[in-house]
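**Q**
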Amino acid sequence: MTEAVDVVIVASAFGMEAVRAGGHLKWAEATGRAGAAGFEVRRELFSDEADAAPPALRALGKRIAELGLWSVYSTPASLYTTDGKLNADALRVSVEEAIALGARFVKLQLGGFAAEANAAVIAEHMRCADVRLVVENGQLAEGGSLAQFVGLFDALAREGHADVLGMTFDIGNWAWRGVAPLDAAGPLAAHVEYIHCKTAVGEGARRFPAAPAAGDAQFAAVLDNLPRHVPRGIEFPFDASRIDTDAAHYVAWLAAA
148 MTEAVDVVIV ASAFGMEAVR AGGHLKWAEA TGRAGAAGFE VRRELFSDEA DAAPPALRAL
208 GKRIAELGLW SVYSTPASLY TTDGKLNADA LRVSVEEAIA LGARFVKLQL GGFAAEANAA
268 VIAEHMRCAD VRLVVENGQL AEGGSLAQFV GLFDALAREG HADVLGMTFD IGNWAWRGVA
328 PLDAAGPLAA HVEYIHCKTA VGEGARRFPA APAAGDAQFA AVLDNLPRHV PRGIEFPFDA
388 SRIDTDAAHY VAWLAAA
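Count along the sequence shown from 1, then add 147; that gives the number in my numbering.
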């Protein structure tokens with residue numbers, strides 16, 4: 148029998164406006180009801196900047212933990228600036244906020260990484276931090292190319308800090324870059340520590356995230372080529388007319404897929 152894996156529900160799966168209006172805790176409670184193991188807090192969905200202050204994050208993290216969930220802290224900040232330099236300030240702030248929340252992972256976008264990782268500085272920032280740094284492939288050309296991620300992990304190894312961070316592999320986001328996710332899974336699988344699960348429908352600017360079909364052979368093949376033990380995040384929208392039923396269904400399905 149295949150061992151079940153941890154499933155995380157990303158807050159945005161409940162609808163971005165619903166999260167901004169109702170707050171993260173409401174949807175963390177729905178995540179708990181669905182049987183998930185974790186909940187991803189999205190910084191961009193806070194209704195007020197005060198929600199990102201340490202006392203508010205600590206209070207939210209405490210309530211999430213009381214629900215029996217662990218958390219991911221996701222921020223739209225990029226690890227590298229558009230000119231390829233390490234964005235040390237964004238890293239510091241993101242890590243501090245994630246620590247206040249009590250998150251297991253802090254997730255940033257890659258940004259404009261070019262050649263030098265500045266790995267020693269990243270290692271110093273993470274040295275005493277009880278949270279794991281992961282970077283995600285995004286939908287934009289900057290921070291979303293396969294070559295950038297291959298280059299990043301090569302640079303980290305070259306600079307002597309191969310394990311200083313891991314990757315959030317977003318299966319659906321590769322479609323925005325015209326990359327088959329199975330082609331990306333091979334060279335990046337060794338670095339993947341968290342998976343965002345979704346597919347994409349539509350074309351060009353009219354492309355949207357969607358739930359994988361039960362018989363989607365390509366999606367299943369991608370999962371088969373990524374580490375089995377790492378958590379899987381649901382980042383596709385639930386049906387607003389039956390959120391609890393939809394969430395529970397997809398948690399159970401993805402845990403066993």
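Where is the CB? At the ideal position from N, CA and C, for every residue including glycine. Being a predicted model, the structure only gives us computed values, none of them experimental.
Using 8 Å as the Cβ pair cut-off and three pairs as the minimum, do the region 165–184 and the region 393–400 touch?
**A** At 8 Å Cβ cutoff, the stretches touch.
**Q** Can you check the region 273–314 for any beta strand (DSSP E) of at least 3 residues that lies completely inside it and give the ranges in chain order?
**A** Correct list: 279–283.
**Q** Which class does arginine 190 belong to by DSSP, given the choice of helix, strand or coil?
**A** Reduced to three states, the DSSP call for arginine 190 is helix.
**Q** Tell me which residue opens and which closes the alpha helix (DSSP H) that lysine 209 is part of.
**A** Lysine 209 -> alpha helix (DSSP H) spans 201–213.
**Q** Report the three-state DSSP secondary structure of leucine 401 (helix, strand or coil).
**A** Residue state, collapsed to three classes: helix.
**Q** Going by C-alpha distance, which of Glu263, Met163, Val311 is nearest threonine 228?
**A** Of Glu263, Met163, Val311, the residue nearest in Cα terms is Glu263.
**Q** Would you mind listing the alpha helix (DSSP H) stretches within the region 355–393 that are 4+ residues and don't spill past its ends, in chain order?
**A** You should have 364–371.
**Q** Under 9 Å between the Cβ atoms of alanine 331 and asparagine 284?
**A** For alanine 331 and asparagine 284, yes; Cβs fall inside 9 Å.
**Q** Helix or strand or just coil, what does DSSP make of isoleucine 342?
**A** Strand, per DSSP.
**Q** Which residue comes first and which comes last in the alpha helix (DSSP H) that contains glycine 169?
**A** Its alpha helix (DSSP H) spans residues 163–169.
**Q** Using a 10 Å radius around the Cβ and a threshold of 16 neighbouring Cβ atoms, would you call glutamate 244 buried or exposed?
**A** That one is buried.
**Q** Let me make sure I understand the geometry here. Which of Cys344, Ala309, Tyr220 has the alpha-carbon closest to that of glycine 380?
**A** Among Cys344, Ala309, Tyr220, the Cα nearest to that of glycine 380 is on Cys344.
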